[in-house]
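Everything below concerns the one structure shown next.
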Amino acid sequence: MTAPGATGLAPKSPLLSVRNLVKEFTLKSQAGEFGKRVLRAVDDVSFDLAPGEVLGLVGESGCGKSTTARCILRLVEPTSGEVIYKGENLVGKSHTEMRRLRKELQMVFQDPYSSLHPRRRIRHTIAEPMIVQGMNQKEALARVPELMQTVQLDPRRADAYPHEFSGGQRQRIGIARALSVHPEVLVLDEPLSALDMSVQADIINLLQGLQQQFQLAFVFISHNLSVVRYLADEVGVMYLGQIVEIGTAEEVLAAPAHPYTKALSSAAPVHRAAAASTRAAGWRRTSAACSRPRSSSGAMVTQSPATSLRKR
Ligand SMILES: Nc1ncnc2c1ncn2[C@@H]1O[C@H](COP(=O)(O)OP(=O)(O)O)[C@@H](O)[C@H]1O
Ligand SMILES: [Mg+2]
């Protein structure tokens, strides 16, 4: 399946529908230029996400993945388009309405350290979204041990600070915090890329378990096709701000239509048959190249060595 857009790809009726999303950034003019330059970071992106479904968004650095994620949650304002959640268009909602809706749509960030308050005990960090949603502080703090157990953290460490945890543990704190308000959708923006390889495998397994346990819908963003293929029901391939291909992982990878997808899948390390036969197993490390970063001038550069994962 190759056509991006509002084609109703999801088998169930969508929980979240992104329609013709556009985000333009106005850049300062450089020396010798007149007027302002406009960068179209997200260029007419549309997709559907069904309840309990995992949509992987994959693409090279700078192709607009994070901006798409941020637009969905209105952490940046879309220039145009719609983000329809359970029939309500999030674009144009007031801050108060968005606060209510953030209970249902939560985000997990790439760098767990910078997304956690360094001088706040993690007990308070994990409780914060519940308090923002109106739960009294005592009740919210009382739920923290259970949430820590859910992400396999020792609840006895609730009074520690972020710097006292490892990278993987900090990402677990970020996940516990996001889960605290019982969201239906998690938008995960490269949640593995700041982590060591061995830790990435643990976090993937944790996320997969939580997704199934709580029937969460994920928008799972990564530049690593192997990870996306492992977790996602559907894969959207982004290139220069657009979704150039979308469909089930098998469809997209069996017959990649866009040159970028072809390059991406030929660089991915996992043989499909091998991957399919090992669905339930854990992960282990392998090395491969599957991202093509662009230089600051925007020109494509040759593939850089990147590490990726595959199923045991
Ligand atoms: N606040 C911003 N101001 C100007 N340009 C931005 C801003 N945020 C992102 N961009 C640009 O938008 C493009 C897409 O960025 P991003 O969404 O972060 O890509 P990705 O997450 O796929 O790496 C990039 O060219 C980036 O430099
Ligand atoms: Mg990004």
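Mapping to my numbering: the sequence shown position 101 is 90, numbers consecutive. For every residue, glycine included, the Cβ atom is placed at its ideal position computed from N, Cα and C.
Legend entry - Any non-hydrogen atom of ligand 2 within 7 Å of E49 CB: Taking the first residue of the sequence shown as position 1, residue 49 is located at position 60. For ligand 2, not one heavy atom lies less than 7 Å from the Cβ of E49.
Inset, instruction - Could you tell me if L94 is buried or exposed, where buried requires 16 or more neighbouring beta carbons within 10 angstroms of its beta carbon? - result: As a working mapping, residue 94 is identified with position 105 in the sequence shown. That one is buried.
Legend entry - Alpha carbon of P40 to alpha carbon of V72, nearest angstrom: For this step, residue 40 is matched to residue 51 along the sequence shown. For this step, residue 72 is matched to residue 83 along the sequence shown. So the alpha carbons of these two residues sit roughly 15 Å apart.
Legend entry - heavy atom of ligand 2 below 7 Å from E179 C-beta: Sequence index remark: in the sequence shown, residue 179 carries index 190 (1-based). Checking the Cβ of E179 against ligand 2 gives yes.
Inset, instruction - Examine ligand 1 and report whether any of its heavy atoms sits within less than 7 Å of the Cβ of L229. - result: The sequence position of residue 229 within the sequence shown is 240, counting from 1. The answer is no for L229.
Inset, instruction - Quick one: grab the DSSP three-state call for Y74. - result: Looking up residue 74 in the sequence shown gives position 85. If DSSP states are grouped into helix, strand and coil, Y74 belongs with the strands.
Inset, instruction - Please work out which residues of its chain come closer than 6 Å, Cβ to Cβ, to T57, disregarding the five sequence neighbours upstream and downstream, and give them in chain order. - result: Numbered from 1 along the sequence shown, position 68 holds the residue referred to as residue 57. Hits under 6 Å: V31, V34.
Legend entry - Coarse secondary structure for D143, derived from DSSP in three states: Residue 143 sits at position 154 when you count from the first residue of the sequence shown. Coil, per DSSP.
Legend entry - Separation of D185 from N78, as counted between CA atoms: What you label residue 78 is simply residue 89 of the sequence shown in a count that begins at 1. What you label residue 185 is simply residue 196 of the sequence shown in a count that begins at 1. If you take the alpha carbons of N78 and D185, they lie about 38 Å apart.
Legend entry - When R8, G76, R91 are compared against V176, the one with the closest alpha-carbon: Taking the sequence shown and counting its residues from 1, one reaches residue 176 at position 187. The shortest Cα separation from V176 among R8, G76, R91 belongs to R91.
Legend entry - Buried or exposed (CB count within 10 angstroms, at least 16 for buried), Q204: If you number the sequence shown from 1, residue 204 lands on position 215. When all chains shown are included, Q204 counts as exposed.
Legend entry - Closer than 7 Å: K92 CB and nearest ligand 2 heavy atom: Sequence index remark: in the sequence shown, residue 92 carries index 103 (1-based). No, since every heavy atom of ligand 2 falls outside the 7 Å radius drawn around the Cβ of K92.
Inset, instruction - Say yes only if the C-beta of G76 is nearer than 7 Å to one or more non-hydrogen atoms of ligand 1, and no if none qualify. - result: Here residue 76 refers to the residue found at position 87 when the sequence shown is read from its first residue. The answer is no for G76.
Legend entry - In DSSP terms, what F36 is bridged to: Residue mapping note: residue 36 aligns to position 47 of the sequence shown, counting from 1. Its beta-bridge partners are V7.
Legend entry - Near ligand 1: S182 beta-carbon under 7 Å from a heavy atom: Residue 182 sits at position 193 when you count from the first residue of the sequence shown. The answer is no for S182.
Legend entry - For A206, the first and last residue of its enclosing beta strand (DSSP E): In the sequence shown, the residue the question calls residue 206 occupies position 217. It spans 206 to 211 - the beta strand (DSSP E) in which A206 sits, taken as one unbroken run.
Legend entry - Residue environment, F23, which counts as buried when at least 16 other CB atoms sit within 10 Å: On the sequence shown, position 34 is the one that residue 23 refers to. It counts as exposed.
Inset, instruction - With DSSP collapsed to three states, give me the class of D191. - result: Counted from its first residue, the sequence shown places residue 191 at position 202. If DSSP states are grouped into helix, strand and coil, D191 belongs with the helices.
Legend entry - Own chain residues within Cβ distance below 7 Å of R8, not counting five before or after: If you number the sequence shown from 1, residue 8 lands on position 19. The answer, listed in chain order, is A(-5), S35, G70, E71, I73.
Inset, instruction - With distances taken Cα to Cα, identify the nearest neighbour of D222 among T114, V208, L130, E179. - result: If you number the sequence shown from 1, residue 222 lands on position 233. The option with the nearest alpha carbon to D222 is V208.
Legend entry - Distance cut-off 7 Å: G123 Cβ against heavy atoms of ligand 1: Walking along the sequence shown from the start, residue 123 turns up at place 134. False, no ligand heavy atom lies under 7 Å from that Cβ.
Legend entry - Span separating the alpha-carbon of S211 from that of L28: Against the sequence shown, residue 211 aligns to sequence position 222. Against the sequence shown, residue 28 aligns to sequence position 39. Answer to the nearest angstrom: the Cα atoms are 22 Å apart.
Legend entry - Completely contained beta strand (DSSP E) runs for the stretch 45 to 115, where each covers 3 or more residues: 69 to 74, 94 to 97
Inset, instruction - Measure the beta-carbon distance from V233 to V241 and round it to whole angstroms, keeping in mind my assumption that it falls under 8 Å. - result: Translated into the one-based positions of the sequence shown, residue 233 becomes position 244. Translated into the one-based positions of the sequence shown, residue 241 becomes position 252. That belief does not hold up - the Cβ atoms of V233 and V241 are roughly 10 Å apart, past 8 Å.
Legend entry - Sequence-distant residues of its chain with Cβ nearer than 8 Å to Q141 (five each side left out): Within the sequence shown, the letter at position 152 stands for residue 141. Closer than 8 Å at the Cβ level, and outside the excluded window around Q141, lie R161, L195.
Inset, instruction - Answer yes or no: the CB of K12 versus the heavy atoms of ligand 2, is any distance below 7 Å? - result: Position 23 of the sequence shown, counted from the start, is the residue given in the question as residue 12. Outside the cutoff, so no.
Inset, instruction - Could you name the residues that DSSP lists as bridge partners for G21? - result: Counting from one through the sequence shown, the residue named residue 21 turns up at place 32. According to DSSP, G21 bridges with nothing at all.
Legend entry - Reduced DSSP secondary structure (H/G/I, E/B, other) of L184: As a working mapping, residue 184 is identified with position 195 in the sequence shown. Here L184 sits in coil by DSSP.
Inset, instruction - Please name the residue, chosen from G45, Q19, T15, that lies closest to A206 on a Cα-to-Cα basis. - result: On the sequence shown, position 217 is the one that residue 206 refers to. Comparing Cα-Cα distances from A206 to each of G45, Q19, T15, the minimum goes to G45.
Legend entry - Heavy atom of ligand 4 within 7 Å of S104 beta-carbon: Looking at this structure, you won't find ligand 4 anywhere; what it does contain is ligand 1 and ligand 2.
Inset, instruction - Whole angstroms is fine: what's the gap from E42's alpha carbon to A238's? - result: Walking along the sequence shown from the start, residue 42 turns up at place 53. Walking along the sequence shown from the start, residue 238 turns up at place 249. For E42 and A238, the distance between alpha carbons rounds to 13 Å.
Legend entry - Per-residue burial, S18 [other beta carbons within 10 Å of its own, 16 or more giving buried]: To locate residue 18, count along the sequence shown from 1; it is residue 29. The residue in question, S18, is exposed, as its Cβ has fewer than 16 Cβ neighbours within 10 Å.
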